[in-house]
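Reviewing the structure listed below.
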Ligand code: CS2
């Protein structure tokens, strides 16, 4: 930072803080490019401040506290950048500031808790309910009984709801913004499963007072680089230690009753819809599904980012094959999906957004079951062999065997162990079984995956 350049603060911009009415869990770049930006754009933004808590690591709160929650959104397209200071985040906290979280939930004017903690935070078992056998869940049950701070997402949400109930602060919305199908229902299940063990007396209050809202979220948001900071200082004349680069496109489809109110998001590009499911499936299968395909295959060809990968005709062909398979099973009109696919190709080709494949490769064990398997299973049920989805699975086998992007996935242990088998067929069977019990018994699918592994190995740069 240059001593002569002032730091970005509310005093510098003469930007007053809105009162806190939304609490967010998972303060990261995606939240800042998406929900915080849509809220900032709402005509009643002056009434809707966000108090944001980090995920596990406290760094983002430390970076944003001296900036009063302000940061610069850098919107990039291949032609250049535009800059906006987003003002909706008015308080930042580390995840372990549990008392502060409970304090917000006790306030009647706090109307919504939003979440972006990624798939693994929901701690689900194979049936989609809370995995109550996990040590961290048991620890939270004990913490709730003794009034100690909880650690997990379901624990934090339940503790917040119990505090709200005791304070008689009225109804509230919990709004998941994670890439999970029917994320509102997922949240309802993990919270009520925990309440059944840790606070059964509150189940009825939860049922009557909590709106478990569902949403589909979409905006491609890479990590911040040092160049982004230098660019903002140069172009904007202030120091911002945590600007957020993103693409022009943003989509947020929300379904909820919002008993305690909400910003007029519909005037800020948000779609309020009775049913999010069709939007969610289209986005998870086509966008996230092709992202994971590229994340596990394109690094084998020497590519580092989505724009590099999609410019390679081989990657484009794999993506199109996978999209054809997904499209057959989406139940949406070909016109609609065709346009969506074209729009995705334009977004992927945006050379201003350097979206790293290694970042997308994180947490495959949590992501593939919701982005890749639905297409693979639907094609198998129709008696077809999905070469596109199998390419993703083959890329993942190679990734787990140490090729391509490094493995960063707390849930990948069993899959990594299975992938290590010397015999490729055995490796593919084992890996498929970790994604879904019994999937490795589908010998034809295993064969295609093995073929695709061998094909990809032949291309390794
Ligand atoms: C990506 C998503 O990292 C990933 O797994 O697929 O973060 C993707 O960029 C967003 O869902 C786009 O909205």
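In the numbering used here, the protein residues as written are 361 to 821. Don't be surprised by glycine CBs; every beta carbon is placed ideally from N, CA and C.
Query - Those residues which DSSP pairs with residue 716 across a bridge - result: For the purposes of this step, residue 716 is identified with residue 356 of the chain shown, where counting begins at 1. Answer by DSSP bridge pairing, in chain order: 665.
Requested in this report: Flag residue 585 as yes if its beta-carbon sits less than 9 Å from any beta-carbon of chain C, otherwise no.
Outcome: Although the question refers to chain C, the structure presented lacks it and comprises just one protein chain.
Query raised in the report: residue 659 to residue 377, Cα distance in whole Å?
Result: The count along the chain shown starts at 1 and reaches residue 659 at position 299. The count along the chain shown starts at 1 and reaches residue 377 at position 17. Approximately 44 Å between the Cα atoms of the pair.
**Report entry** Validate contact between the stretch 575 to 582 and the stretch 421 to 430 using beta carbons, cut 8 Å, 3 pairs
**Finding:** These segments do not touch.
Query - the stretch 505 to 518 touching the stretch 755 to 770, judged by at least three CB pairs closer than 8 Å - result: Short answer: they don't touch.
Query - Continuous alpha helix (DSSP H) stretch holding residue 612: start and end - result: As a working mapping, residue 612 is identified with position 252 in the chain shown. No alpha helix (DSSP H) contains residue 612, which is instead part of the beta strand (DSSP E) from 611 to 615.
Query raised in the report: residue 462 to residue 404, Cα distance in whole Å?
Result: As a first step, residue 462 must be located in the chain shown, where it is residue number 102. As a first step, residue 404 must be located in the chain shown, where it is residue number 44. Going from the Cα of residue 462 to the Cα of residue 404 covers about 25 Å.
Query raised in the report: Cβ-heavy atom distance between residue 719 and ligand 1 below 8 Å?
Result: Residue 719 sits at position 359 when you count from the first residue of the chain shown. Distances taken from the Cβ of residue 719 to the heavy atoms of ligand 1 include one shorter than 8 Å.
Report task. Between the Cα of residue 548 and those of 531, 523, 517, spot the shortest distance and give me the residue it belongs to. Result -> Walking along the chain shown from the start, residue 548 turns up at place 188. Comparing C-alpha distances from residue 548 to each of 531, 523, 517 shows the shortest one belongs to 517.
**Report entry** Other residues of its chain near residue 558: CB distance less than 6 Å, five sequence neighbours each side excluded
**Finding:** Translated into positions along the chain shown, residue 558 becomes position 198. Same-chain partners within the cutoff: 501, 504.
Query raised in the report: On the three-pair Cβ rule with 8 Å, is the stretch 469 to 487 touching the stretch 536 to 545?
Result: A contact exists between the stretch 469 to 487 and the stretch 536 to 545.
Requested in this report: Quick one: give me the first and last residue of the alpha helix (DSSP H) that residue 812 is part of.
Outcome: For the purposes of this step, residue 812 is taken as residue 452 along the chain shown, with counting starting at 1. Start and end: 803 to 819.
Query raised in the report: For residue 725, which residues from the same chain have a beta carbon less than 6 Å from its beta carbon, with the 5 sequence-adjacent residues on both sides left out?
Result: Against the chain shown, residue 725 aligns to sequence position 365. Its chain contains 769, 771, 772, 775 as the residues whose beta carbon lies nearer than 6 Å to that of residue 725, once the 5 sequence neighbours on both sides are disregarded; these appear in chain order.
Query raised in the report: Which residues share a DSSP beta bridge with residue 536?
Result: The residue you call residue 536 lines up with position 176 of the chain shown. Under DSSP, residue 536 shares a beta bridge with 475.
Query - Own chain partners of residue 736 with C-beta closer than 6 Å, once the 5 adjacent residues on each side are dropped - result: Here residue 736 corresponds to residue number 376 of the chain shown, with the count starting at 1. Here the set comprises 746, 749.
**Report entry** Own chain residues within Cβ distance below 6 Å of residue 712, not counting five before or after
**Finding:** Position 352 of the chain shown, counting from 1, holds the residue named residue 712. Cβ neighbours of residue 712 within its own chain (closer than 6 Å, five residues either side excluded): 436, 437, 438.
Query raised in the report: Would you report the Cα separation of residue 371 and residue 430, rounded to the nearest angstrom?
Result: Within the chain shown, the letter at position 11 stands for residue 371. Within the chain shown, the letter at position 70 stands for residue 430. C-alpha separation (whole angstroms): 11 Å.
Report task. Can you tell me which of the three DSSP states residue 584 falls into? Result -> For the purposes of this step, residue 584 is taken as the residue at position 224 of the chain shown. DSSP places residue 584 in coil when its eight states are reduced to three.
Requested in this report: Determine the contact status of residue 358 and residue 788, defining contact as a CB-CB distance below 9 Å.
Outcome: Nothing in the structure corresponds to residue 358, since the chain is present only between 361 and 821.
Query raised in the report: Looking at residue 580 and ligand 1, is the gap between the Cβ and the nearest heavy atom below 8 Å?
Result: For this step, residue 580 is matched to residue 220 along the chain shown. Correct: residue 580 has its Cβ closer than 8 Å to ligand 1.
Query raised in the report: Between which two residues does the alpha helix (DSSP H) carrying residue 708 extend?
Result: By one-based count along the chain shown, residue 708 stands at place 348. Start and end: 694 to 708.
Query - Chain-order list of residues whose beta-carbon lies under 8 Å from that of residue 704 (same chain, five-residue window excluded) - result: Counting from one through the chain shown, the residue named residue 704 turns up at place 344. These residues qualify, in order along the chain: 646, 647, 650.
Query raised in the report: From residue 413 to residue 509, what does the alpha carbon distance come to, in whole angstroms?
Result: Position 53 of the chain shown, counted from the first residue, corresponds to residue 413. Position 149 of the chain shown, counted from the first residue, corresponds to residue 509. Between the alpha carbons of residue 413 and residue 509 lies a gap of roughly 14 Å.
**Report entry** residue 563 classed as buried or exposed, judged by whether at least 16 other C-beta atoms fall within 10 angstroms
**Finding:** Working through the chain shown from its first residue, we reach residue 563 at position 203. With fewer than 16 other beta carbons inside 10 angstroms of its own, residue 563 counts as exposed.
Query - residue 526 burial status per 10 Å Cβ neighbour count (16 or more: buried) - result: For the purposes of this step, residue 526 is identified with residue 166 of the chain shown, where counting begins at 1. Around the beta carbon of residue 526, fewer than 16 other beta carbons sit within 10 angstroms, so the residue counts as exposed.
Requested in this report: State the Cα-Cα distance for the pair residue 636 and residue 534, rounded to the nearest angstrom.
Outcome: What you label residue 636 is simply residue 276 of the chain shown in a count that begins at 1. What you label residue 534 is simply residue 174 of the chain shown in a count that begins at 1. Roughly 16 Å separates the two Cα atoms.
Query - For residue 807 and residue 387, the rounded distance between their alpha carbons - result: Translated into positions along the chain shown, residue 387 becomes position 27. Translated into positions along the chain shown, residue 807 becomes position 447. Straight through space, the alpha carbons of residue 807 and residue 387 are spaced by roughly 42 Å.
Query raised in the report: Do residue 603 and residue 433 have their C-beta atoms within less than 9 Å of each other?
Result: Working through the chain shown from its first residue, we reach residue 603 at position 243. Working through the chain shown from its first residue, we reach residue 433 at position 73. For residue 603 and residue 433, yes; Cβs fall inside 9 Å.
Report task. Flag residue 390 as yes when its Cβ comes closer than 8 Å to any non-hydrogen atom of ligand 1, and as no otherwise. Result -> Here residue 390 corresponds to residue number 30 of the chain shown, with the count starting at 1. Yes - ligand 1 has a heavy atom lying nearer than 8 Å to the Cβ of residue 390.
Query raised in the report: Could you give the distance in angstroms between the alpha-carbon of residue 795 and the alpha-carbon of residue 480?
Result: Sequence index remark: in the chain shown, residue 795 carries index 435 (1-based). Sequence index remark: in the chain shown, residue 480 carries index 120 (1-based). Rounded to whole angstroms, residue 795 to residue 480 spans 14 Å at the Cα level.
Requested in this report: Provide the residue(s) that pair with residue 605 in DSSP beta bridges, ordered along the chain.
Outcome: For this step, residue 605 is matched to residue 245 along the chain shown. Note: residue 605 sits in a beta bridge opposite 434.
Query raised in the report: Which residue or residues does DSSP assign as beta-bridge partners of residue 384?
Result: Within the chain shown, the letter at position 24 stands for residue 384. Residue pairing from DSSP places residue 384 in a beta bridge opposite 412, 474.
Query raised in the report: How about residue 532 and residue 522: are their beta carbons less than 9 Å apart?
Result: Within the chain shown, residue 532 is the residue found at index 172, counting from 1. Within the chain shown, residue 522 is the residue found at index 162, counting from 1. The Cβ atoms of residue 532 and residue 522 do not sit closer than 9 Å to each other.
**Report entry** residue 691 in three-state terms, based on DSSP
**Finding:** Counting from one through the chain shown, the residue named residue 691 turns up at place 331. In the structure shown, residue 691 sits in coil (DSSP, three-state: anything other than H, G, I, E or B).
**Report entry** Run of the beta strand (DSSP E) containing residue 451, from where it starts to where it stops
**Finding:** Mapped onto the chain shown, residue 451 falls at position 91. It spans 449 to 453 - the beta strand (DSSP E) in which residue 451 sits, taken as one unbroken run.
**Report entry** Cβ-Cβ distance between residue 653 and residue 679 below 9 Å
**Finding:** Within the chain shown, the letter at position 293 stands for residue 653. Within the chain shown, the letter at position 319 stands for residue 679. Contact check for residue 653 against residue 679 passes: the beta carbons are separated by less than 9 Å.
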